[in-house]
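Everything in the sequence shown is counted per this note's numbering, starting at -17 for the first residue and increasing by one.
The C-beta atom is built at its ideal place from N, Cα and C for all residues, glycine as well.
On a predicted model such as this, the values are computed, not experimentally measured, just so you know.
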Amino acid sequence: MVSSCFFGMLVIRLIYMNIIYILIPIIIFGFGLVIWFLDRRMRAIQQLQEAGKQDSAINMLSQNINQNMQGLQTRIDKTTNVIGERLDRAAQAYSKVARELGTMQEIGREMKALQDFLKSPKLRGNIGEEILRDLLEQVLPKDNFSMQYKFQHGQIVDAIIKTNQGIVPIDSKFPMTGYKKIRQAENKEQKKSAQKEFFRDIKKHIKDISKKYILPQEGTVDFAVMYVPSESVYYEIMVKSPELVSFGQSKKVFFVSPNNFYYFLKIIMIGLEGAKMEKASKQIFETLKSIQHESGKFAEDLRVLFGHINNTKNSSERVNSQYMKLSSKIDNIELLEEKNDKKLL
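Structure, rendered in structure tokens:
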């Protein structure tokens, strides 16, 4: 991309330089033509003078020459102004192109520095891990993933996602060296050799991921994810190397790129939200069961209480009835005593 922009700017620069180189000879030729024309007129005057022509004829010829010279001067002035304006515009355009060319050269140097920086596999790996971390942080809660997760036997995977079904291991791989050889191949033989090397590298990554990180005994799911930070490398694997995809599936290792990894995380997130809703539903159901149980106990206690209240009421009524009978008997006794007292008197 940088080389094509640089080439385009260079072409523009050459076009403007060619315009300048073409206009300058034209101007010189125009002035030469004027001088040649005037020289011929002056020679004609001299010839007339030498031939002894009349002054009136010479005067007419002089006037004619003066008129022609004025017309030529006017046209020359206009032409000079037009050429000057065009040269000014060309100079401005050239200056702008030169500035842009300088900017593109600076970008080219920066791109080269970045390419040199990315030559180290470890640095490429670190960049891939950072991109992976950013994607995880954008979609998932922090409690649902971890970076640089260490298994019991010491293996360290770049990232894991925690789900109800188990831990999903994710390892970032950036096989840029082999891919670069494919892109730089100058003939079919070189390209075929580079593709074999690329195939061999990816296959090794698949085996390593499957062996090191798919560990159900340590709580992982029965598959792993290989994260490829480059869309072009991912395209090379998925479209141009379908046998690698089949081999990965046989080892339960699945490829993702930055674009489709986002949707993969969204699916995981939906599953996590569903699990949370299911858990919340279970809690609500357990709470309702507890409320129902407590309600049953309360109803039983209330029934017993009402029973006691009824018994108390019945007892109260019975006691009240007995009291009324006793009170009536006492009243009768008092009446008898009053009658006896009257008889004695």
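- For Gln130, the enclosing beta strand (DSSP E) stretches over residues Phe127 to Lys132.
- Residue environment for Asp153: buried (at least 16 other C-beta atoms within 10 angstroms of its C-beta).
- For Asp204, no beta strand (DSSP E) run applies, since DSSP gives it neither H nor E.
- With contacts defined by Cβ atoms closer than 9 Å, Tyr209 and Val121 do not form a contacting pair.
- In the three-state reduction of the DSSP assignment, Pro151 falls in the strand class.
- Contact between Ile138 and Ile250 does not hold, since their C-beta atoms are separated by about 21 Å, which reaches or exceeds 8 Å.
- Below 8 Å, enough C-beta pairs join the region 177 to 192 and the region 226 to 242 to call them touching: three or more.
- When Cβ pairs closer than 8 Å are counted between the two stretches, the region 148 to 163 is seen to touch the region 197 to 207, the count reaching three or more.
- Taking all protein chains in view, the Cβ of Val221 is surrounded by fewer than 16 other Cβ atoms within 10 Å, so the residue is classified as exposed.
- Secondary structure at Lys194: helix, using DSSP grouped into helix, strand and coil.
- A residue is called buried once 16 or more other Cβ atoms fall within 10 Å of its Cβ, and Ile312, having fewer, is exposed.
- The shortest C-alpha to C-alpha distance from Gln130 to any of Tyr216, Val215 and Leu114 is the one to Leu114.
- Secondary structure at Lys144: strand, using DSSP grouped into helix, strand and coil.
- Minimum Cα-Cα distance from Lys173 among the listed residues Phe181, Lys163 and Arg182 corresponds to Lys163.
- Contact between Gly201 and Phe180 is absent: CB atoms are separated by about 33 Å, not below the 8 Å threshold.
- Of the candidates Arg165, Leu117 and Ile184, the residue whose Cα lies closest to the Cα of Phe229 is Ile184.
- By the neighbour-count criterion, in which a residue is buried when 16 or more other Cβ atoms sit within 10 angstroms of its Cβ, Leu197 is buried.
- The bridge partners DSSP lists for Met220 come to none.
- Of the other Cβ atoms in all chains shown, 16 or more fall within 10 Å of the Cβ of Glu218; this residue is therefore buried.
- In this structure, Val64 lies away from Phe156, with their beta-carbon atoms at least 9 Å apart.
- In this chain, Phe156 is not harboured by any beta strand (DSSP E), its DSSP state being neither H nor E.
- The Cβ-Cβ distance between Glu119 and Asp140 does not fall below 9 Å.
- In this chain, the beta strand (DSSP E) harbouring Val238 covers Val235 to Val238.
- An exposed status is given to Pro224, since fewer than 16 other beta-carbon atoms sit within 10 Å of its beta-carbon.
- Between Val203 and Thr145, the gap from beta carbon to beta carbon is short of 9 Å.
- According to DSSP, residue pairing for Met208 in a beta bridge involves Asp153 and Phe237.
- A buried status is given to Ile188, since no fewer than 16 other beta-carbon atoms sit within 10 Å of its beta-carbon.
- By the Cβ neighbour-count rule, Pro123 is exposed, with fewer than 16 other Cβ atoms within 10 Å of its own.
- Cα atoms of Lys178 and Leu226: separation of roughly 11 Å, rounded to the nearest angstrom.
- Note on Leu117: 16 or more other CB atoms within 10 angstroms of its CB, so buried under the neighbour-count rule.
- In its chain, beyond the 5 residues on either side, no residue has a beta carbon closer than 8 Å to the beta carbon of Arg300.
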